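For reference, the structure discussed in these notes is given below.
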Amino acid sequence: MNHIEQIFNFEGQEVRTVSVKGDVYFVAKDVCDALEIGNSRQALTRLDDDESMSFEMTHPQSPSKTILMQVVNESGLYELIFSSRKKTAKDFKRWVKRDVLPSIRKNKVYIDPTATDQEIDHAVRFATPQKRRNLLMSATIDGENSVFAVYGAIKEYISKWTAEDKIKALNHVERTLLDKKDTYGSDIAFVHKIEELLRHVAKDLDKIKNWKNGAEKRELGKENKQLQDQVSELLHIGNFKEVHLTFKQ
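For the sequence shown, our numbering gives the first residue as 30, with consecutive numbering after it.
Structure below.
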């Protein structure tokens with residue numbers, strides 16, 4: 030699970046928020062409405078590239094569907110606040126700092142009432158690279174808290190991430206396991222267990238990289254096909270005009 034949505038209320042105005050791998054984002058339109066900024070699209074053009082992004086969220090009128098929304102991180106949020114000359118901007122900023130962010134960060138993640146116990150548990154346990162590292166470093170050779178069990182839970186947690194983000198996460202797991210191997214160098218049985226897990230991680234990385242490369246090739250193939258179709262259409266139009274002009278002469 031890579032995000033959990035939560036809705037806050039500012040003076041009757043709903044402000045949707047979302048957590049993406051531990052980072053807090055706010056729906057830009059909701060923020061602009063609360064700040065009485067008329068043109069949210071224009072306001073977003075004044076932000077830096079790393080302050081906003083498009084994000085697929087639950088459709089407000091149809092929970093079974095999704096909608097693409099522009100969201101801003103904390104830096105982008107404050108830029109929008111500063112750009113508003115309305116008196117309410119100061120109240121909104123105070124509300125965000127005193128109510129929203131502390132509520133979100135109480136457990137370092139969003140807690141959605143509709144989330145399952147397992148989703149909440151995984152969000153709390155695996156939300157950051159450091160948390161994942163700590164769990165792997167403290168994992169045992171077998172049992173419920175074995176290195177294989179922890180790795181399996183991490184794989185499930187990142188299962189909906191993009192291929193690129195999965196690769197980054199598994200590379201981090203790989204480095205952590207190598208550190209753990211060095212720590213338990215005198216425990217031959219544990220070292221063999223870690224080496225076995227490292228082989229599994231390497232295979233998982235290869236699968237993801239192969240899928241990513243295949244997806245990129247498929248996308249490139251689609252783009253080439255579209256380009257060929259456009260060229261063919263232009264050539265067809267050009268030939269038609271040439272024939273038409275010849276006929277008129």
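Cβ coordinates follow ideal geometry from the N, Cα and C atoms, glycine included.
Fair warning: this is a prediction, and the values are worked out from it, not measured in the lab.
Check                                                                                                         : Outcome
Ranges of the beta strand (DSSP E) found wholly within the region 31 to 113, counting only runs of at least 3 : 34 to 39, 42 to 49, 52 to 56, 81 to 87, 95 to 101
C-beta atoms of Leu-76 and Ala-118 nearer than 8 Å                                                            : no
First and last residue of the uninterrupted alpha helix (DSSP H) at Lys-189                                   : Looking at the DSSP string, Lys-189 is not in any alpha helix (DSSP H), and its letter there is neither H nor E.
Own chain, CB closer than 7 Å to Lys-209, minus 5 neighbours either side, in chain order                      : Leu-165, Met-166, Ile-223
Under 8 Å between C-beta atoms of Ile-183 and Phe-155                                                         : yes
Alpha-carbon to alpha-carbon, His-221 and Asp-211                                                             : 12 Å
Where Thr-205 sits in the DSSP three-state scheme                                                             : helix
Three-way DSSP call (helix, strand, coil) for Ser-215 in this model                                           : coil
Exposed unless 16 or more other CB atoms sit within 10 angstroms - verdict on Gln-71                          : exposed
Integer-rounded CB distance, given that Leu-73 should sit under 8 Å from Gln-99                               : 6 Å
Gly-172, buried or exposed, once every other Cβ within 10 Å from all chains shown has been counted against 16 : exposed
Thr-117 (DSSP reduced to helix, strand or coil)                                                               : helix
Pair within 8 Å by beta-carbon distance, Thr-46 and Val-179                                                   : no
Alpha carbon of Leu-109 to alpha carbon of Leu-263, nearest angstrom                                          : 45 Å
Among Tyr-54, Ala-192, Lys-58, nearest to Ser-13 - alpha-carbon criterion                                     : Because the chain spans 30 through 278 in this model, residue 13 falls outside it and cannot be assessed.
Exposure label - Phe-39; buried when at least 16 CB within 10 Å                                               : buried
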